[in-house]
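*Asks:* In terms of the UniProt record's numbering, the sequence shown has 45 at position 45, counting the first letter as 1, and numbering is strictly consecutive.
Every residue, glycine too, gets a C-beta built ideally from N, C-alpha and C.
In this text, all values refer to a predicted model and were calculated from it rather than measured experimentally.
What follows is a structure written as structure tokens; I'll ask about it next.
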Amino acid sequence: MRDLPQHKPVLAGVAYNGISGPGIRLEALPEGHLLHVLGAIEPTALAAELVKAGFAKSSIRQAGFRQWFVAGDEPLIPASLDALVAALAGKAFVMDQSHGRVRIGVSGRSSRALLSRGTAVDLDPFAFPEGHSAMTMIGHLSVQIVRTGDDSFELTVLRSFAESLWDDLAHMAASAEKDGV
Numbered sequence: 001m002r003d004l005p006q007h008k009p010v011l012a013g014v015a016y017n018g019i020s021g022p023g024i025r026l027e028a029l030p031e032g033h034l035l036h037v038l039g040a041i042e043p044t045a046l047a048a049e050l051v052k053a054g055f056a057k058s059s060i061r062q063a064g065f066r067q068w069f070v071a072g073d074e075p076l077i078p079a080s081l082d083a084l085v086a087a088l089a090g091k092a093f094v095m096d097q098s099h100g101r102v103r104i105g106v107s108g109r110s111s112r113a114l115l116s117r118g119t120a121v122d123l124d125p126f127a128f129p130e131g132h133s134a135m136t137m138i139g140h141l142s143v144q145i146v147r148t149g150d151d152s153f154e155l156t157v158l159r160s161f162a163e164s165l166w167d168d169l170a171h172m173a174a175s176a177e178k179d180g181v
């Protein structure tokens, strides 16, 4: 019997560094781990449990009412996931979405202008500060957007739509740079 094919990152090796300089940078982020947590647990309590279970470098992003994504660059360790599930038993449910979603980084001085071409979310730093997240549409795709820095964002999309989102972002970036944005 033939072995099953090995997992290959959907956006392996792609990058966009702008046409005329560092105005816009797109990058496929490491396919580390992404957990979907649902339940009546506050983010501070969730953060404490994440540290105990070995997810100290992960970030928590609100994904809806009593829902969070826990994202990180490190591969998922089954023992850590088991420890987190046990610690949150009766408070929250944890679902591994690591192989079902892809993260894309968008950065550069024109990153906000680029994303504003595709979403209605107000990305002004006063309305959407660092660490803030929102579920939104970019074109026809449902995406979670997180501000990770002054001029940097992270987009999370279902794996089957990752290439489509990447192509849309690259076309928007090229068009924005030609327009002088």
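Whole-angstrom Cβ separation of residue 229 and A127, contact assumed at under 8 Å?
*Replies:* Given a span of 1 to 181 for the chain in the structure shown, any question on residue 229 remains unanswerable.
*Asks:* Counting C-beta neighbours from all protein chains within 10 Å, is the total for R112 16 or more, i.e. buried, or is it exposed?
*Replies:* Buried is the call here.
*Asks:* Under 7 Å Cβ to Cβ from residue 252, same chain only, skipping five residues before and after it: list those, please.
*Replies:* Because the chain spans 1 through 181 in this model, residue 252 falls outside it and cannot be assessed.
*Asks:* Which word fits R66, buried or exposed, when buried means at least 16 other C-beta atoms lie within 10 angstroms of its C-beta?
*Replies:* Exposed, because fewer than 16 other Cβ atoms sit within 10 Å of the Cβ of R66.
*Asks:* Can you tell me which of the three DSSP states F153 falls into?
*Replies:* Note: F153 maps to strand in three-state DSSP.
*Asks:* Quick one: give me the first and last residue of the alpha helix (DSSP H) that V10 is part of.
*Replies:* Looking at the DSSP string, V10 is not in any alpha helix (DSSP H), and its letter there is neither H nor E.
*Asks:* Between which residues of its own chain and M172 is the CB-CB distance below 7 Å, once the five residues before and five after are set aside?
*Replies:* Excluding sequence neighbours, M172 sits near L114, R117 and G118.
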